[in-house]
Every structure is written in C-alpha cells, then in structure tokens.
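Novice: Quick note, the sequence shown lines up with residues 2 to 631 if you use our numbering. Beta carbons are placed, not taken as given, at the ideal position from N, Cα and C, and that holds for glycine. Below you will find the structure I want to go over with you.
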Amino acid sequence: MYEWWVQGVNQTIPGPASQRWSFGIGNPDHSYNDDGTYVYTVRDSADVAGYSHMDILDNTITDALPLANFGFSEDLSVGKGCYNTVGSVCDTIISLDMSQIPLSSDQTIHSIELTFSVDQWDFSGGAYAIDLSVHQFLISNWNELGITWNTTGATPGPVAGVDYISTPLDQGTFYGTNSKIAFQIATDSLVLSDNILLIIRGNPLSSSNYDGFVKLHSSDDSQLNMRPSFRVFHTNISSLNITSTASSYNADDSYSFSVQGIDYNGNTVAGGLPSGASIEWSTTTGTIAGTGATTAELTPTVNGLQTITACYGVICTDYVIDLESGLPVELFASLNQNSDVNSVTITADETVPVYAYAVDQHDNLVTNEIISFVPSNGSIDSAGLFSPYTAGLQTITAEWIGAASTLQEVLTVEVLPGEPVEVVLSGCTEIVTADTSCDLFGSAFDQFDNVVWFDDVVGYTLSATDGETIEIITPTPHNVPPSQEVLVGEYTGNFVGQWTITLDTDLGISDSITVDVTHGALDSFTLTSSSPTITADDLLFINATRIDVRGNQLPVTLPLENWTNVADGSITPGTATWTPNSQGTKTITASYQGLSTSVEVFVVRGVIYDLQLILMMFQTRSFFDNAMIP
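The structure is reproduced here in structure tokens:
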C-alpha cells in the first residue's frame with residue numbers, strides 16, 4: 002500500500018503538505034483456462050490486504066447462541082449440535098460483491114465455484130455423514146458484524162421462502178474425509194456486477210436423531226490460503242444458439258444438433274465455440290451425447306414437446322421439438338375405457354364402445370396412426386360404438402396395418418337376442434276335421450330377426466273366430482339357445498269353414514293364421530224328403546245327409562245298393578228320386594256307413610187316367626186319361 006501527497010518547496014524550505022492519499026497495487030489471481038474461459042480467484046483481502054480488498058463477508062448464526070454475532074470469528078460452523086448444545090442448528094452466511102472484480106462488462110459469467118477449507122468434522126453427536134446445501138440468501142442488507150440468529154427476520158432463524166430460497170444451488174453428502182468442500186453456485190441470471198448472497202445449511206445423517214457438524218475456516222482466518230475462495234469463470238460468449246437440419250422428429254430415429262456461441266455484440270464466434278470449450282448437453286427425452294466440439298446426437302424416447310439443452314457453464318440455451326411417436330409395436334384393445342376387458346355379453350338391442358390404442362417401442366401412445374375396427378357382424382361407428390345385428394358369438398378385430406407389419410387384437414362379444422318385436426304363429430297347416438285338434442307354435446324375433454326365447458314375450462292368449470283354443474306353456478330356459486316354433490297351444494275344430502286363430506302377447510305384438518276345418522267323424526245319418534205327401538203322379542226327391550259329431554251336415558249321394566227299402570216304388574240314384582206305384586203310406590229306407598234311417602211319404606191318387614161309362618147292357622165307351630184308376 003502506498004501514500005502520496007502534494008507539498009510545495011521554496012528553494013530548500015518545504016511548504017505545507019496537502020492531504021494524503023493512499024493506493025495499493027494488487028496481484029490478481031486471473032488466468033486463461035484454454036477453453037474460452039478465464040478464472041478470477043477471489044479471497045478476502047488477498048489483492049490488497051490493507052484495504053481488505055477484495056472483501057468477502059461471512060458469519061455463523063446459531064440457535065445455540067441466538068444473540069451472538071461471530072463476525073470476527075476465524076471459524077464457520079454448519080450442521081447440528083454445534084457450540085456444545087445438543088440439537089442446536091448452525092448456518093453459515095457468505096457473500097461477495099462482484100462489482101469489486103475489475104472485469105469488462107462484455108464478459109459473461111460461465112460458472113462460479115465456492116470452496117471452503119475444513120477445520121474439523123465433528124460427528125461425535127452420533128451422525129455418520131452430513132448433507133450440505135447452499136442456497137440463495139434473500140436478506141440483501143445483512144450486516145456481517147451485526148447479524149444473529151434472532152435478527153434474520155421477523156421469525157428467529159432462517160425461514161425457507163422468506164429468508165432464503167429452499168431449492169439449493171448445489172448440495173453434497175460428506176462423510177468427514179474431505180479437507181475441502183466446493184459448491185457450484187452460479188445461476189444463468191447472474192452478472193458480474195451482482196452481489197452473491199449465500200447461506201449454507203447442514204443436515205446430519207444418522208440412524209436416529211443424532212448431531213453432526215463441520216467447522217470451516219472463515220475469511221477472518223489468519224492463513225490466507227485457508228480462507229474461502231470464489232473462483233469466478235467468465236467468457237466472451239454471451240449466449241448460445243442450437244440448430245438442427247431436421248424439420249420433424251419421431252421417437253424411432255436419431256437426430257443431430259449443432260450449437261454456436263454468440264458474443265457480446267451478437268456475432269457468431271468463429272468455429273462455433275472457442276477452442277477447447279466444453280458443452281454439456283441434456284434432454285428431456287432419451288439420451289443426447291456429444292459427437293464433436295459443437296455437435297451432439299439425440300436418441301429420443303418420450304414423445305411430445307421436448308427440450309434439448311446446451312450449456313457452456315451456466316450459459317444455456319434450449320431447443321424445443323415436437324416429438325411424434327414412433328411406429329406402433331404393440332396394440333391394445335378393450336371393451337372398457339378404464340380396464341382391459343376382452344369379452345362382454347350384450348343383447349342385440351344394446352351397444353358397447355370399443356377402445357384401442359397403440360404404443361411405439363418406447364411405450365409412447367401413438368396418435369398419428371389409424372386403428373381400424375372390423376366386426377364379424379354388426380357395425381361400428383366413427384366413435385367406436387359397436388352395434389350388433391346377429392345373435393351369437395361375434396368378434397371385433399382392432400387392426401393397425403403398417404408398411405412392414407400388422408398388429409391385431411381380437412375382442413369377443415356374445416350377442417344375446419334383443420327384446421321381442423315380432424311374434425309368428427304357426428301350426429295347424431293341415432285341414433282339421435271337426436272335433437279334432439292341432440298344435441299351435443309360436444316364434445319370437447327381435448328387431449334384427451334374431452330368434453328370441455319365447456318366455457320373453459311375457460304372457461300371451463290364443464283366440465279363434467270359431468273352434469276352441471287352449472294355451473300350453475312350454476318353458477324356454479335361457480341356458481340353452483332359443484328356438485323357433487315353441488308349442489304354445491292347441492286348436493280344436495268346430496264348424497266347417499276357414500277360421501282365424503290369433504296370438505296376442507302382453508308386449509302388444511300379435512300374429513294370426515287361418516285354419517281350414519272340414520267335416521268330422523260321422524255321428525248320424527238322415528234322409529229328408531221333398532214333401533211328406535205326394536200324388537201318385539209325382540216324384541219324391543230324397544236328400545241323404547251325413548252329420549258329424551259337431552253337427553256339421555254333409556249331403557251324400559247313395560248308390561242304389563244303399564237303398565234297402567223302396568216300398569213298392571222305384572229309386573233313381575244320384576240325386577235320389579223315388580217314383581211311387583200305389584197310394585198309401587210308404588217307408589223308404591237307406592243305409593250309410595253302418596247307419597240306417599227311413600223317410601215316410603203318403604201317396605194319394607193321381608189325376609184320372611181312364612174313365613168308363615156303361616150306356617146299355619152290351620155297349621160300353623171308354624175315356625182314357627193319363628191317370629191310373631185302380
């Protein structure tokens with residue numbers, strides 16, 4: 002350190018001296034690292050001791066002595082159990098005003114290393130190691146010679162988020178063997194005129210709640226080389242820029258990136274970066290490795306918006322890419338959005354959603370490929386909703402077709418018949434004879450003509466325009482396939498004719514058929530004449546009628562041999578005509594299929610046929626008519 006002043010001399014007589022000034026000439030520790038960076042090493046009072054230049058402030062605060070200030074102490078303590086107090090907490094505060102460093106404003110901080118010399122590791126409290134972390138201290142106006150545990154803020158002791166930033170700038174675990182400990186404390190927002198404010202905290206590691214701390218040499222240590230040091234690395238690189246020749250990215254391929262350094266004036270550094278410069282590459286997807294001084298190759302994995310970062314110290318830049326998924330390597334399909342369901346049972350009236358997705362080799366969801374659905378029956382709309390048609394076991398094939406491979410997964414859907422919307426009545430197809438029965442059958446169908454269990458129509462009734470119907474309940478259990486033409490009733494013919502049989506169900510659906518009824522079994526046989534009395538001149542017409550058990554009458558034509566008694570007349574078969582010969586009551590008898598019956602007729606005289614008058618004894622005169630006179 003030097004003093005200087007101004008003093009006049011009159012010949013040999015000195016005059017009054019001016020005010021004295023002083024100055025110092027230091028020996029800065031400043032060197033080039035052959036990698037584009039320079040390092041300026043700062044220790045307290047190392048440049049000009051008389052001026053305490055440069056000045057590094059540090060202190061210890063502890064709840065063991067909450068009112069004590071250790072501004073002149075040669076030691077700094079970090080951890081727990083310090084100052085002979087079990088469970089006590091000790092933190093170290095240290096700061097450096099970088100405006101003291103005589104560097105050009107066009108320089109940028111590359112990194113800063115803070116190094117402490119260890120005085121003593123004390124694990125006598127039971128710890129086996131200690132985690133040390135360095136944080137940004139937020140009390141900018143702290144006083145090295147005044148701060149205590151109780152004066153850090155409104156609450157005694159450092160409070161995270163209030164007095165310091167909880168996220169550490171750097172941290173490490175130490176087991177008591179290191180003679181020096183170092184931290185990287187630079188941030189990308191730090192400039193050479195900033196004041197670095199730090200707090201170092203310690204957390205002992207033990208199998209229980211035991212103490213452990215470390216004593217460090219402070220800036221007031223009598224030995225210069227033991228004092229804490231800040232190694233400030235700086236460079237003329239102001240920023241970085243990443244480029245890539247690729248215009249799109251996917252998880253299956255690899256990609257190259259280049260980085261260039263930009264100086265204070267915005268110019269690209271010749272060669273991209275200074276000779277020997279080291280770039281640290283990182284990525285949010287996959288891995289990235291340097292392939293040259295300014296290049297790196299990315300092998301991605303996770304898709305989406307991803308960031309490639311290149312750092313030259315704390316000078317970093319990002320390159321954001323939109324990484325598409327790779328080609329599918331595995332296909333997943335399900336009938337449930339939340340779980341893996343490969344088979345379901347539904348009715349033909351119901352629908353089921355189908356979900357499918359594919360993943361690439363890195364398990365990324367593939368969203369830019371088409372997965373198609375192919376149902377064995379039914380249809381699938383654009384939203385993936387499967388609507389069945391035919392009952393039975395159906396399949397849905399989820400399929401991705403690529404240029405070199407195809408992926409498939411088959412889902413199964415058991416389709417049961419839907420609700421009945423149609424019933425069909427059948428049976429009684431043959432002509433039914435009166436007083437005999439025929440079976441009636443019912444079939445039920447859903448909206449897609451699938452056969453439905455007939456039980457599903459709930460209840461039903463049968464009716465006919467003539468004849469009798471009865472319902473016959475035939476169980477149709479659902480543990481066997483449904484069938485058509487289930488026996489539902491019986492029809493018994495009554496009168497001859499064509500009649501309608503109707504099936505009505507509780508569901509409001511119905512069906513009808515027609516049935517032909519013919520004459521039934523013979524019950525009786527009758528003969529009826531055209532008149533109960535005729536003249537001898539007339540013909541008697543006789544109708545033979547067959548009557549069945551239901552009273553249905555059927556005219557029959559009797560052959561001649563069936564007329565067993567024609568009285569004294571004669572019968573003409575076919576349309577039976579009886580011709581009388583004499584007057585009186587006549588009985589005509591005929592037989593039919595073992596039955597015999599008769600009809601009576603009374604024959605009276607016909608018109609005069611021959612009239613004779615006697616005029617004298619030997620003369621007669623006759624008059625003839627067509628009538629026969631007996």
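Please report how far the alpha carbon of N11 lies from the alpha carbon of F24, in whole angstroms.
Specialist: Straight-line Cα distance between these residues: approximately 28 angstroms.
Novice: Am I right that S74 and C91 are in contact with their C-beta atoms under 8 angstroms? What's the rounded C-beta distance?
Specialist: Contact doesn't hold; Cβ gap of about 12 angstroms is too wide.
Novice: Whether or not the region 434 to 443 and the region 512 to 521 are in contact is what I'm after, with contact meaning three or more pairs of Cβ atoms, one per stretch, closer than 8 angstroms; do they touch?
Specialist: With the cut-off at 8 angstroms, the region 512 to 521 and the region 434 to 443 touch.
Novice: How do the region 337 to 348 and the region 378 to 386 stand: do at least 3 beta-carbon pairs fall below 8 angstroms, yes or no?
Specialist: No, they do not touch.
Novice: Could you tell me which residues DSSP pairs with R21 in its beta bridges?
Specialist: Looking at the DSSP assignment, R21 forms no beta bridge with any residue, so it has no partner.
Novice: Tell whether a beta-carbon distance below 8 angstroms holds between L193 and I110.
Specialist: Their beta carbons are under 8 angstroms apart, which means L193 touches I110 by this criterion.
Novice: When we look at the beta-carbon of P159 and count the other beta-carbons within 10 Å, is it buried (16 or more) or exposed?
Specialist: With 16 or more Cβ atoms within 10 Å of its Cβ, P159 is classed as buried.
Novice: Inspect the beta-carbon positions of L332 and A357 and report whether they are closer than 8 angstroms.
Specialist: Yes; because the gap between Cβ atoms is below 8 angstroms, this pair is in contact.
Novice: What residue does the beta strand (DSSP E) around V303 start on, and which one ends it?
Specialist: Where V303 is concerned, there is no enclosing beta strand (DSSP E), given that its DSSP letter is neither H nor E.
Novice: Please report how far the alpha carbon of L68 lies from the alpha carbon of T61, in whole angstroms.
Specialist: Their backbone Cα atoms lie some 11 angstroms apart in a straight line.
Novice: For P169, which beta-bridge partners are listed by DSSP?
Specialist: Paired residue(s): none; P169 is not in a bridge.
Novice: Just list the residues that DSSP pairs I263 with in beta bridges.
Specialist: DSSP lists S240 and T269 as partners of I263.
Novice: Between D319 and T308, what straight-line distance do the alpha-carbon atoms span, to the nearest angstrom?
Specialist: Cα to Cα, the separation comes out at about 6 angstroms.
Novice: F455 by DSSP, collapsed to three states: which one?
Specialist: Correct three-state label for F455: helix.
Novice: Rounded to whole angstroms, how far is the Cβ of T506 from the Cβ of G460, which I believe are closer than 8 angstroms?
Specialist: Confirmed, about 7 angstroms.
Novice: Determine the burial state of G494: buried for a count of at least 16 other Cβ atoms within 10 Å of its Cβ, exposed for fewer.
Specialist: By the neighbour-count rule (16 or more Cβ atoms within 10 Å), G494 is buried.
Novice: Counting only the same chain and skipping the five closest in sequence on each side, list residues whose C-beta sits under 8 angstroms from that of G154.
Specialist: These residues qualify, in order along the chain: I140, V160, V163 and D164.
Novice: What does the alpha-carbon distance come out to for the pair I630 and G585?
Specialist: Since pLDDT at I630 reaches only 38, below the 50 mark, its modelled position is unreliable, and no value is offered.
Novice: Please determine if the region 123 to 132 and the region 223 to 234 are in contact, where contact requires at least 3 C-beta pairs separated by less than 8 angstroms.
Specialist: The region 123 to 132, when compared against the region 223 to 234, does not touch it at the 8 angstroms Cβ threshold.
Novice: With P421 and A445 assumed to form a contact (beta carbons below 8 angstroms), what rounded beta-carbon distance in angstroms separates them?
Specialist: Correct: roughly 4 angstroms between the Cβ atoms.
Novice: Considering Cα atoms alone, identify which of L441, L225, P329 and N268 is closest to N242.
Specialist: Checking every option, the nearest Cα to that of N242 belongs to N268.
Novice: Can you name the residues that DSSP bridges to L386?
Specialist: Its beta-bridge partners are P354.
Novice: Within 10 angstroms of the Cβ of W282, are there 16 or more other Cβ atoms? Answer buried if so, exposed if not.
Specialist: It is buried - the Cβ of W282 has at least 16 other Cβ atoms within 10 Å.
Novice: S257 by DSSP, collapsed to three states: which one?
Specialist: If DSSP states are grouped into helix, strand and coil, S257 belongs with the strands.
Novice: Could you tell me which residues DSSP pairs with T310 in its beta bridges?
Specialist: The partner list for T310 (beta bridge, DSSP) reads S283 and D319.
Novice: Can you list, in chain order, the residues of its chain whose CB lies under 7 angstroms from that of D440, leaving out five sequence neighbours each side?
Specialist: G428, L488 and E491.
Novice: Can you list, in chain order, the residues of its chain whose CB lies under 7 angstroms from that of T352, leaving out five sequence neighbours each side?
Specialist: Correct list, in chain order: L386, F387 and S388.
Novice: Please report the distance separating the alpha-carbon of A417 from that of Q338.
Specialist: One point to set straight first is that residue 417 is Leu, not Ala, in the sequence displayed. Those two C-alpha atoms are separated by around 23 angstroms.
Novice: Residue range of the beta strand (DSSP E) that T346 falls in?
Specialist: T346 -> beta strand (DSSP E) spans S344 to T348.
Novice: Per DSSP, P574 forms a beta bridge with which residues?
Specialist: For P574, which the question treats as bridged, DSSP gives no partner whatsoever.
Novice: Please return the same chain residues whose Cβ sits closer than 6 angstroms to the Cβ of A628, not counting the five positions on each side in sequence.
Specialist: With a pLDDT of 42 at A628, under the threshold of 50, the modelled position of that residue is not reliable, and no figure is offered here.
Novice: Leaving out the 5 sequence neighbours to the left and right, which residues in its chain are closer than 7 angstroms to G88 when beta-carbon positions are compared?
Specialist: The answer, listed in chain order, is K81, G82 and D212.
Novice: Going by DSSP, what residues sit across from G443 in a beta bridge?
Specialist: DSSP lists L426 and V487 as partners of G443.
Novice: Look up T437 in the DSSP assignment and say whether it is helix, strand or coil.
Specialist: Coil.
Novice: With distances taken from CA atoms, which of A183, H235 and T573 is nearest D189?
Specialist: Ranking A183, H235 and T573 by Cα distance to D189 puts H235 first.
Novice: I want to know whether the region 405 to 412 touches the region 461 to 474 - three or more CB-CB distances under 8 angstroms.
Specialist: Contact between the region 405 to 412 and the region 461 to 474 is absent, because fewer than three Cβ pairs lie under 8 angstroms.
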